[in-house]
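A short worksheet on the structure shown next.
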Amino acid sequence: MEFSSILLEGAVTELARLPGVGRKTALRLALHLLRQDAGAAEALGNAIINLRRGIRYCSVCHNISETEVCPICASELRDRSTVCVVENVKDVMIFENTGQYTGLYHVLGGLISPVDGIGPGNLQIDSLVERVRAGGVDEVILALSATMEGDTTNFYIYRRLRETGVRVTQLARGVSVGNEIEYTDEVTLGRSLLDRVDYK
224 MEFSSILLEG
234 AVTELARLPG
244 VGRKTALRLA
254 LHLLRQDAGA
264 AEALGNAIIN
274 LRRGIRYCSV
284 CHNISETEVC
294 PICASELRDR
304 STVCVVENVK
314 DVMIFENTGQ
324 YTGLYHVLGG
334 LISPVDGIGP
344 GNLQIDSLVE
354 RVRAGGVDEV
364 ILALSATMEG
374 DTTNFYIYRR
384 LRETGVRVTQ
394 LARGVSVGNE
404 IEYTDEVTLG
414 RSLLDRVDYK
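Written out as structure tokens, the structure is:
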């Protein structure tokens with residue numbers, strides 16, 4: 224693809240680094256930004272810079288936050304005896320949208336996947352075990368995708384938590400095997416959460 228401007232080419236190259244954005248889409252986005260007034264482009268740029276500089280990870284659950292402890296962990300209205308273990312930040316948002324869960328979360332930051340070089344040490348599993356050992360948690364809900372990686376991670380966490388005596392449950396299989404949480408509709412996800420079963 225030939226560019227008449229080095230600046231345009233640079234913008235397209237950077238936009239194309241985003242997931243799901245190819246060079247044609249990146250070019251369309253860059254040209255769209257050029258058609259907007261300068262204030263719109265600056266607002267977008269500032270929002271991205273503020274996002275990168277201002278967002279941190281909650282010291283308790285590893286969800287994204289603007290403060291040391293995220294609003295969910297800080298809320299006195301949440302059930303602190305239940306911790307829902309999810310793969311990533313997006314899953315927290317999905318579960319919150321169901322309106323069916325009032326406990327706390329623990330974000331692993333991925334799933335165990337030896338093929339991709341991701342082992343238990345690359346995830347927030349040790350901090351989960353420490354949380355449970357610290358007391359106050361009666362139930363840990365394993366809410367990971369029903370994939371091979373999700374099941375492997377579920378089993379590993381279950382083995383690590385077995386000695387603590389905490390109740391470990393998993394989502395009911397209304398979530399189809401092989402499906403990722405991200406692509407499950409909210410009604411099915413909500414029912415799976417309510418009908419969760421003991422992990423075996």
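Residue numbers for the sequence shown follow this note's numbering, so the first one is 224 and each next one is one higher.
Cβ coordinates follow ideal geometry from the N, Cα and C atoms, glycine included.
(1) Which residue or residues does DSSP assign as beta-bridge partners of D421?
(2) Starting from Y381, trace the alpha helix (DSSP H) both ways and give me its first and last residue.
(3) For F226, I'd like the list of residues in its chain whose CB is within less than 6 Å of its CB, leaving aside the five on either flank, ordered along the chain.
(4) Please state the DSSP three-state secondary structure of G289.
(5) Three Cβ pairs or more, each shorter than 8 Å: is that satisfied between the region 319-330 and the region 293-308?
(6) At a cut of 8 Å, does the region 330-349 reach the region 366-379 through at least three beta carbon pairs?
(7) When the Cα atoms are used, what is the spatial distance from D314 to L250?
(8) On a Cα-Cα basis, can you pick out the residue from Y328, I317, T387 that is closest to R301?
(9) Looking at the structure shown, is D339 part of a helix, part of a strand, or coil, going by DSSP?
(10) Leaving out the 5 sequence neighbours to the left and right, which residues in its chain are closer than 7 Å to G245 when beta-carbon positions are compared?
(11) Pop quiz: V355 and V389 are said to be a contact at Cβ under 8 Å. What is the actual Cβ separation, rounded to whole angstroms?
Result, derived from the coordinates:
(1) As a working mapping, residue 421 is identified with position 198 in the sequence shown. Answer is T392.
(2) As a first step, residue 381 must be located in the sequence shown, where it is residue number 158. Counting along the chain, the alpha helix (DSSP H) containing Y381 begins and ends at 371-384.
(3) Here residue 226 refers to the residue found at position 3 of the sequence shown. Result list for F226: E232, in chain order.
(4) Position 66 of the sequence shown, counting from 1, holds the residue named residue 289. With the sequence shown as reference, residue 289 is identified as Glu, and Gly is not the correct amino acid for it. Here E289 sits in coil by DSSP.
(5) yes
(6) yes
(7) Your numbering for residue 314 matches position 91 in the sequence shown. Your numbering for residue 250 matches position 27 in the sequence shown. Answer to the nearest angstrom: the Cα atoms are 31 Å apart.
(8) Stepping through the sequence shown from its first residue, residue 301 is reached at position 78. Out of Y328, I317, T387, Y328 has the C-alpha closest to the C-alpha of R301.
(9) Mapped onto the sequence shown, residue 339 falls at position 116. It is helical.
(10) Position 22 of the sequence shown holds residue 245. Counting only Cβ-Cβ distances below 7 Å, and skipping sequence neighbours, we find A239.
(11) The count along the sequence shown starts at 1 and reaches residue 355 at position 132. The count along the sequence shown starts at 1 and reaches residue 389 at position 166. So it is a contact: roughly 5 Å between Cβ atoms.
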